[in-house]
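Some notes on the structure that comes next.
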Amino acid sequence: MLDHLKSNNRAWAERKVGADPGFFRRLEGQQAPEYLWIGCSDSRVPANEIVDLDPGELFVHRNVANLAPPQDANYLSVLQFAVDVIKVKHIMVVGHYGCGGVAAAVDGQRRGLVDHWLHPIREVAHAHRAELEVIPDGRPRLDRLCELNVIRQVRNVASDVFVQDAWARGQDLAVHGWVYSLSNGLVNDLDVTVSRLEEIERLG
Ligand code: ZN
Numbered sequence: 001m002l003d004h005l006k007s008n009n010r011a012w013a014e015r016k017v018g019a020d021p022g023f024f025r026r027l028e029g030q031q032a033p034e035y036l037w038i039g040c041s042d043s044r045v046p047a048n049e050i051v052d053l054d055p056g057e058l059f060v061h062r063n064v065a066n067l068a069p070p071q072d073a074n075y076l077s078v079l080q081f082a083v084d085v086i087k088v089k090h091i092m093v094v095g096h097y098g099c100g101g102v103a104a105a106v107d108g109q110r111r112g113l114v115d116h117w118l119h120p121i122r123e124v125a126h127a128h129r130a131e132l133e134v135i136p137d138g139r140p141r142l143d144r145l146c147e148l149n150v151i152r153q154v155r156n157v158a159s160d161v162f163v164q165d166a167w168a169r170g171q172d173l174a175v176h177g178w179v180y181s182l183s184n185g186l187v188n189d190l191d192v193t194v195s196r197l198e199e200i201e202r203l204g
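Residue numbers (the numbering used here): 1 to 204.
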């Protein structure tokens with residue numbers, strides 16, 4: 001079963017060791033990534049690959065539509081571990097244009113549990129309805145909603161007590177908002193970086 005994947009795995013491990021004989025031994029010894037990536041589960045948005053980082057260099061949390069919900073124990077556990085234990089220096093919330101999760105949040109169809117998961121996006125759409133209504137319906141409007149969703153999640157992360165406590169004790173930590181483009185492979189920095197408590201307000 002899945003023999004092609006196992007053979008891919010063996011070839012990959014051999015390539016890694018071929019290029020750097022100490023690669024896995026060194027990785028085993030420590031996990032000290034400087035970055036936490038909060039991204040979408042979409043298979044076309046592979047975190048390490050997009051920023052060309054090796055295993056061990058990026059701590060990753062992915063879910064449908066890259067949400068950072070303040071009540072989600074999974075996300076909170078990752079966030080606390082990243083901030084308090086690994087002491088990452090940067091947290092990137094990374095959305096992507098053409099996100100199916102963002103589209104599903106506002107298309108009015110019922111899908112079940114995921115409708116609850118995506119509810120925060122409907123709240124973002126509602127809060128920004130005046131801005132969104134003047135954008136042509138369809139892809140352009142959804143892409144702006146992808147950006148607004150990322151900004152909202154940056155605000156969630158920056159408002160979290162783990163992050164605020166880290167800033168209060170002088171820890172070096174910045175929260176960034178990016179949107180990845182499936183069509184050209186490039187990341188768009190939304191320029192909403194928050195690296196101090198006082199900067200949250202400018203996110204609106
Ligand atoms: Zn997505």
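Built from N, CA and C at the ideal position, the CB exists for glycine as well.
Everything numeric in this text was worked out from a predicted model, so none of it was measured.
Cβ-heavy atom distance, residue i to the ligand ZN, below 7 Å
i, result
"residue 137", "no"
"residue 54", "no"
"residue 42", "yes"
"residue 100", "yes"
"residue 65", "yes"
"residue 96", "yes"
Beta-bridge pairing of residue i - partner residues as DSSP gives them
i, result
"residue 174", "90"
"residue 75", "Residue 75 pairs with nothing; no bridge assigned."
"residue 97", "Note: residue 97 sits in no beta bridge, so no partner."
"residue 148", "DSSP lists no partner for residue 148."
"residue 58", "35"
"residue 194", "175"
"residue 189", "178"
"residue 282", "This structure cannot speak to residue 282, because the chain is shown only from 1 to 204."
"residue 9", "The partner list for residue 9 (beta bridge, DSSP) is empty, contrary to what the question assumes."
"residue 48", "Its beta-bridge partners do not exist; DSSP assigns none."
"residue 63", "40"
Residue environment, residue i, which counts as buried when at least 16 other CB atoms sit within 10 Å
i, result
"residue 142", "buried"
"residue 11", "exposed"
"residue 105", "buried"
"residue 94", "buried"
"residue 149", "buried"
"residue 113", "exposed"
"residue 1", "exposed"
"residue 42", "buried"
"residue 185", "exposed"
Given 8 Å, three or more beta-carbon pairs between the stretch 72–83 and the stretch 94–105: Between the stretch 72–83 and the stretch 94–105 there are fewer than three C-beta pairs closer than 8 Å, too few to call the two in contact.
Pair every Cβ in the stretch 144–164 with every Cβ in the stretch 52–69, then say whether three or more of these pairs are closer than 8 Å. Flag = yes, the stretch 144–164 and the stretch 52–69 touch.
Any contact between the stretch 25–39 and the stretch 48–68? By contact I mean 3 or more CB pairs, one from each, below 8 Å. Of all C-beta pairs linking the stretch 25–39 to the stretch 48–68, three or more are shorter than 8 Å, placing the two stretches in contact.
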